[in-house]
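Going down the list, the sequences are from chains A and B.
1 is the number of the first residue of the first sequence in my numbering; add one for each residue after it.
1001 is the number of the first residue of the second sequence in my numbering; add one for each residue after it.
Protein chains: 2
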Amino acid sequence: MAEAAPRRHPTLDEVAEHAGVSRSVASRALNNAPHVSRTKREAVERAVRQLGYTRNSTARALATRQTGAAALVISGEDPSIFADPFFARVIVGASAALDSADLHLMLCLAASDRGRKRVEELLRSRGADGVMLMALREDDPLTRMADEAQMPVVFGGRPVGSVPRWYVDVDNVGGAREATEHLVSRGRRRVAVICGRLDTEAGRARYRGYRDAMLGAGLDPFPPTEGDFTERSGAAAMAALLAEHPDVDGVFAANDNMAAGALRTVRKAGRRVPAEVAVVGFDDLAIAQVADPPLTTVHQPVEALGREMARMLVALVNGQDPTPLVLPTRLTVRAST
Amino acid sequence: MAEAAPRRHPTLDEVAEHAGVSRSVASRALNNAPHVSRTKREAVERAVRQLGYTRNSTARALATRQTGAAALVISGEDPSIFADPFFARVIVGASAALDSADLHLMLCLAASDRGRKRVEELLRSRGADGVMLMALREDDPLTRMADEAQMPVVFGGRPVGSVPRWYVDVDNVGGAREATEHLVSRGRRRVAVICGRLDTEAGRARYRGYRDAMLGAGLDPFPPTEGDFTERSGAAAMAALLAEHPDVDGVFAANDNMAAGALRTVRKAGRRVPAEVAVVGFDDLAIAQVADPPLTTVHQPVEALGREMARMLVALVNGQDPTPLVLPTRLTVRAST
DNA sequence: CGTGACTTTGGGAGCGCTCCCACTGGAAGC
DNA sequence: GCTTCCAGTGGGAGCGCTCCCAAAGTCACG
Chain A
1 MAEAAPRRHP TLDEVAEHAG VSRSVASRAL NNAPHVSRTK REAVERAVRQ LGYTRNSTAR
61 ALATRQTGAA ALVISGEDPS IFADPFFARV IVGASAALDS ADLHLMLCLA ASDRGRKRVE
121 ELLRSRGADG VMLMALREDD PLTRMADEAQ MPVVFGGRPV GSVPRWYVDV DNVGGAREAT
181 EHLVSRGRRR VAVICGRLDT EAGRARYRGY RDAMLGAGLD PFPPTEGDFT ERSGAAAMAA
241 LLAEHPDVDG VFAANDNMAA GALRTVRKAG RRVPAEVAVV GFDDLAIAQV ADPPLTTVHQ
301 PVEALGREMA RMLVALVNGQ DPTPLVLPTR LTVRAST
Chain B
1001 MAEAAPRRHP TLDEVAEHAG VSRSVASRAL NNAPHVSRTK REAVERAVRQ LGYTRNSTAR
1061 ALATRQTGAA ALVISGEDPS IFADPFFARV IVGASAALDS ADLHLMLCLA ASDRGRKRVE
1121 ELLRSRGADG VMLMALREDD PLTRMADEAQ MPVVFGGRPV GSVPRWYVDV DNVGGAREAT
1181 EHLVSRGRRR VAVICGRLDT EAGRARYRGY RDAMLGAGLD PFPPTEGDFT ERSGAAAMAA
1241 LLAEHPDVDG VFAANDNMAA GALRTVRKAG RRVPAEVAVV GFDDLAIAQV ADPPLTTVHQ
1301 PVEALGREMA RMLVALVNGQ DPTPLVLPTR LTVRAST
């Protein structure tokens, strides 16, 4: 026609013109909406193909007030927390669930101040349809931002000191209790604990579970020896434990990384696992199976955690009001106990 | 005023009215653009504060034709490939670089057909300003999509069989060669190789490096024993190797996961590392330090890989024409050799 | 053949922002 | 005193889409 110039991106108007219909009809045809005759629908489809048209998602987002994206925000002082494969698996689960709801995933590592600023900007400027929040710590500035967010918020794990309206968590207390009871049932009496960060709810809850189990068994719980969920901190905590309580015969570590570190220290100290010291972890990540000896651990459904967070968010975005979820854990016994 | 109704989201027009200026001035003030008097600028800032205004990022995106987001696409048959902590570290690097360019990160795990469809949709509908592509395999459908993408594309690692215009890679050949030469320098003569997937460029390049080094030392290279970059596959490959070539005295594994698996098998077979069999890995991920014995490995700058990909993309988005980058590797010697 | 009940159609008004441009008025230059 | 210049200003036209709504066409039924 007149405009043979190869425009970069054809618009819906051009498709409509090419197909000899109005913009409205073209739009309806594209969205598989009703009230379009068979002929015109086909004409539009042909025009789309000939022009290589793809709808501009930004314009659509503006008109519909839906961005088509959900954000996953991972808090933490420094970005290396994200190196924990735990998050990778959460993402796998969330990504799958978002995929089936046709939502894209925006990943925000809110480590630096700048990162947090940008998250705040995102939450306030409606750059996403909803947000999933993880790894919050005590007095985390993200908690306030979440309150002020202009969109639905789902928490992964509960924040410290408050119970949000919507969250997906794992039965940390129950899992830790079961792990500790298992050690006791193996005849251990001096069962120590290597805690995760006690400024996280998961860290606290797992200690609580340990404590409950010890008291329930009529044993003295150890005071918390705190790690930060890394292998290195587990190794250090175990060294401290061995120095102070040489008669320790069991250890519950609040995650697998720290349990692996503990294993390393115990081995280096020349003690045998599980004969002299039995060790239980938490998470059941890959490292648990690779550890030497393979780690007895509390399995938690990590992909499911991500998936359920995403599903809950999708429900919220669709105007529903889902109920919070606490996923069960399950003890997996291997050679370390 | 007349409209005392508590509107959900104030618009720029409302801010302008509240501040007694025009929309244009308000916009300029918000963007720190020139041609705004001090008084009006302050009036706008006050109005913004009073109304709790935040700019609608979608509307802005439509007007500027910039989404403010970059996508990171990770290919792969099944999503579990993403569990490899390698990607987490790439993300940490990329995220930091994108942060300083004020771009958000969209993460796409293009595992399923549906996932790939959605990536294609994203690339064609300009849902991002640019895209980083990783873990492509031979004849990967994403290669074609990348060609047709309506935005800049940066490759992480080279795709099989072609050299894209913009990429960041790691010196896989050089690293593998150095690893193998190191084994030879330790007096090993029967040095086997556990390859990564040979339908990836990294897998092939690392085998090539191994082969070069063996030939250079006047030794017979082993034919490739192929793994898939997982610990389990490394263990299996090592078992096969030991069965077929009981006299193996050195192994180069194409990544740390497989090297760790090999370590496990060797230990189970009752051979000592490194006395009887020396093992070298590739990547220098956390597992290398935790392995028993700690793994000699080819360190690659994983965060830097992500960072440089992001930087290159930012440059492209800004209309520059950066040059491809190949990052150096470095052998890190530990107790396994 | 009129009437109500649909379905199909396209015009137009947004969604909330940026940016071009024409206009004003005061300072500087001659 | 009269141009020249430019910082400051606001109107208006998009960006490309969705969706409301009024108008036109189709059909069956009494």
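Even for Gly, the Cβ is constructed at its ideal location relative to N, Cα and C.
Tell me the rounded alpha-carbon separation between residue i and residue j.
i	j	result
A:T323	B:A1019	43 Å
A:A315	A:V119	22 Å
A:M1	A:E14	For A:M1, the predicted structure reports a pLDDT of 35, less than 50, and the residue's modelled location is therefore unreliable. A value from the coordinates is still provided. Roughly 12 Å between the two C-alpha positions.
A:A97	B:R1114	12 Å
A:T58	B:G1127	7 Å
B:E1045	B:T1011	14 Å
B:G1216	B:A1236	28 Å
B:R1007	A:L122	At B:R1007, the pLDDT of 49 sits below 50, so the modelled position is not reliable and the matter cannot be decided from this model.
B:A1269	A:R190	35 Å
A:G338	B:A1275	Nothing can be reported for residue 338 of chain A: it is not among the residues displayed for chain A, which extend from 1 to 337.
B:A1070	B:V1092	14 Å
A:V326	A:L305	9 Å
B:A1101	A:S233	34 Å
B:S1336	A:L242	27 Å
B:M1198	B:A1205	Checking the sequence shown, residue 1198 of chain B turns out to be Leu, not Met. The alpha-carbon atoms of B:L1198 and B:A1205 are separated by roughly 9 Å.
A:E3	A:A43	Because A:E3 carries a pLDDT of 34, less than 50, the predicted location of this residue cannot be relied on, and the following value inherits that uncertainty. Roughly 20 Å separates the two Cα atoms.
A:A111	A:V279	32 Å
A:R23	B:R1065	21 Å
B:L1183	A:A286	28 Å
B:D1220	B:M1214	6 Å
A:R186	A:G250	9 Å
A:I74	A:D256	20 Å
Using only alpha-carbon positions, find the residue among the options that is nearest to residue i.
i	options	result
A:M309	A:D169, A:I287 and A:P294	A:D169
A:I81	A:F229, A:R126, A:R272 and A:D283	A:F229
A:P224	A:F252, A:P246 and A:P294	A:F252
A:R264	B:Q1289, B:E1244, B:L1285 and B:A1254	B:Q1289
A:G157	A:E178, A:G187 and A:T200	A:T200
B:G1130	B:T1337, B:M1312 and B:S1336	B:M1312
B:R1060	B:D1084, B:G1227, B:R1028 and B:G1203	B:R1028
A:G52	B:E1148, B:G1052, B:T1297 and B:T1329	B:E1148
B:V1160	B:V1154, B:V1184, B:D1171 and B:E1138	B:E1138
B:S1162	B:R1177, B:D1140 and B:N1172	B:D1140
Applying a beta-carbon distance threshold of less than 9 Å, which residues of chain A neighbour residue i?
i	result
B:L1122	S57 and H104
B:R1126	H9, T54, N56, S57 and T58
B:D1231	Looking at the sequence provided, one finds Glu at residue 1231 of chain B rather than Asp. In chain order: A286, Q289 and V290.
Residues of chain B with a CB under 8 Å from the CB of residue i: which are they?
i	result
A:I91	F1082, L1107 and L1109
A:R118	D1099, D1102 and H1104
A:R114	D1099 and S1100
A:P159	Those do not exist, as A:P159 stays about 22 Å from chain B at its closest Cβ, beyond 8 Å.
A:T143	Simply none; closest approach about 19 Å.
How far does the alpha helix (DSSP H) with residue i in it extend, from its first residue to its last?
i	result
A:A18	Note that residue 18 of chain A is His in the sequence shown, not Ala. Segment L12 to A19, the alpha helix (DSSP H) holding A:H18.
B:T1332	Not the alpha helix (DSSP H): B:T1332 falls in the beta strand (DSSP E), residues R1330 to T1332.
B:G1130	From DSSP, B:G1130 is part of no alpha helix (DSSP H) but of the beta strand (DSSP E) over G1130 to M1134.
B:I1091	P1085 to S1100
A:A205	E201 to G216
B:G1156	Looking at the DSSP string, B:G1156 is not in any alpha helix (DSSP H); the run it does join, the beta strand (DSSP E), is V1153 to G1156.
In chain B, which residues lie with their C-beta within 9 Å of the C-beta of residue i?
i	result
A:A260	V1290
A:F87	A1088
A:Q150	R1008, H1009 and T1054
Kindly indicate the opening and closing residues of the beta strand (DSSP E) around residue i.
i	result
B:M1106	H1104 to A1110
B:L1242	That residue, B:L1242, is in no beta strand (DSSP E); its alpha helix (DSSP H) goes E1231 to E1244.
B:H1182	Per DSSP, B:H1182 belongs to no beta strand (DSSP E); it is in the alpha helix (DSSP H), N1172 to S1185.
A:T39	Here A:T39 belongs to no beta strand (DSSP E); instead the alpha helix (DSSP H) covers R38 to L51.
Please list, in chain order, the chain A residues whose beta carbon lies closer than 7 Å to that of residue i.
i	result
B:L1062	T58, A59 and L62
Mind listing the chain A neighbours of residue i? Cutoff is C-beta to C-beta under 8 Å, in chain order.
i	result
B:P1079	V92, S95 and A96
For residue i, is the beta carbon positioned less than 8 Å from some heavy atom of the ligand HEM?
i	result
B:T1200	The ligand HEM is not part of this structure, which contains no ligands at all.
Since residue i meets chain B, which of its residues come closer than 7 Å, beta carbon to beta carbon?
i	result
A:T67	T1058
Given 8 Å, three or more beta-carbon pairs between the segment 1065-1081 of chain B and the segment 86-96 of chain A:
yes
Any contact between the segment 1288-1304 of chain B and the segment 1140-1148 of chain B? By contact I mean 3 or more CB pairs, one from each, below 8 Å.
no
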